[in-house]
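There are 2 protein chains.
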Amino acid sequence: MRTLPQPHPENFDLAAVLHALGDPVRLELVRRLAEDGETTCSPEGLTVPRSTLSNHWRILREAGVISVRTSGKSRLVTLRLDELDARYPHLIGAVLDGLAPRSPAGSPGRR
Amino acid sequence: MRTLPQPHPENFDLAAVLHALGDPVRLELVRRLAEDGETTCSPEGLTVPRSTLSNHWRILREAGVISVRTSGKSRLVTLRLDELDARYPHLIGAVLDGLAPRSPAGSPGRR
Chain A
2 MRTLPQPHPE
12 NFDLAAVLHA
22 LGDPVRLELV
32 RRLAEDGETT
42 CSPEGLTVPR
52 STLSNHWRIL
62 REAGVISVRT
72 SGKSRLVTLR
82 LDELDARYPH
92 LIGAVLDGLA
102 PRSPAGSPGR
112 R
Chain B
2 MRTLPQPHPE
12 NFDLAAVLHA
22 LGDPVRLELV
32 RRLAEDGETT
42 CSPEGLTVPR
52 STLSNHWRIL
62 REAGVISVRT
72 SGKSRLVTLR
82 LDELDARYPH
92 LIGAVLDGLA
102 PRSPAGSPGR
112 R
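Protein sequences appear in the order of chains A and B. Take 2 as the starting number for the first sequence in the working numbering and just add one per residue. Take 2 as the starting number for the second sequence in the working numbering and just add one per residue.
Structure representation (structure tokens):
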């Protein structure tokens, strides 16, 4: 297994992290990683062309949001949650909370 | 004074908010608004062409991050902090904290 190039936490850039998170498909990828832990880079049920998906993974990786390990043709992706939390406390938690369905009183299940 | 079109908090979109924040100039504009309160849309000391700046303000406004009031030629900008906090608790605070200079022990003033 080798890890694809990724920034050291000291070199994280907040604008780049927010830009990486600022897309509905990438947010969905991050939500799944937070929920499922390490996954392959071909998540089920996403109707996104493979090349587009590769580009999303690259943007997330280059910003420091995810880590990608490769072995032959297989790629495993993880969220760099601990490093992001250490560098930007509460940021990813606030983003994940913001993605959760809201259920105000009287409107169960409404977003 | 009239307020330029802006989304209702119910229609905030997290990806759009994060995209709006995911740019170094827009982050600097937000940092200044958080620090200074309502300001004009021509902040001092930013070497950004006026048309580029207008575009940044528009992206922030359309995402719901700022509110712009106009009267004749004057425009006043505010951060929609309370509404953002209500919709995405801790998000803007985490972003503003992430922008603050870090001073680890032994490295005063280092970012």
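Built from N, CA and C at the ideal position, the CB exists for glycine as well. What you are looking at is a predicted structure, and each value in this text was computed from that prediction instead of being measured.
What do you reckon, are the CB atoms on residue i and residue j nearer than 9 Å?
i	j	result
G1 (chain B)	A95 (chain A)	For residue 1 (chain B) there is no data in the structure shown, the boundaries of chain B being 2 and 112.
A64 (chain A)	D14 (chain A)	yes
E39 (chain B)	L77 (chain B)	yes
H20 (chain A)	H91 (chain B)	no
R1 (chain B)	R70 (chain B)	Past the edges of chain B, shown from 2 to 112, lies residue 1 (chain B), and the structure says nothing about it.
G99 (chain B)	Y89 (chain A)	yes
T79 (chain B)	L34 (chain B)	yes
Taking DSSP as the reference, what is the three-state secondary structure of residue i?
i	result
A106 (chain B)	For A106 (chain B), the predicted model reports a pLDDT of 49, less than 50, meaning its position is unreliable; a value from the coordinates is still stated below. If DSSP states are grouped into helix, strand and coil, A106 (chain B) belongs with coil.
T16 (chain A)	Note that residue 16 (chain A) is Ala in the sequence shown here, rather than Thr. Three-state DSSP puts A16 (chain A) in a helix.
A101 (chain A)	coil
P10 (chain B)	helix
G94 (chain A)	helix
R112 (chain A)	At R112 (chain A) the pLDDT is 39, less than 50, meaning the model places this residue with poor confidence; the figure from the coordinates comes in the next sentence. Looking at R112 (chain A) - three-state DSSP - the assignment turns out to be coil, as it is neither helix nor strand.
From the options, pick the residue whose C-alpha is nearest to that of residue i; which is it?
i	options	result
W58 (chain B)	B:L100, B:G73, B:C42	B:C42
P102 (chain B)	A:I67, A:E11, A:L19	A:E11
V26 (chain B)	B:Q7, B:P8, B:N56	B:N56
H9 (chain A)	A:V31, A:R81, A:L97	A:R81
V66 (chain B)	B:R32, B:S75, B:M2	B:R32
P6 (chain A)	A:D83, A:I60, A:I93	A:I60
DSSP beta-bridge partners for residue i?
i	result
R3 (chain A)	A:T71
*What residue ranges within the region 35 to 92 of chain A form continuous alpha helix (DSSP H) runs of no fewer than 4 residues, ordered along the chain?*
Runs of the alpha helix (DSSP H) inside the region 35 to 92 of chain A: 51 to 64, 82 to 88.
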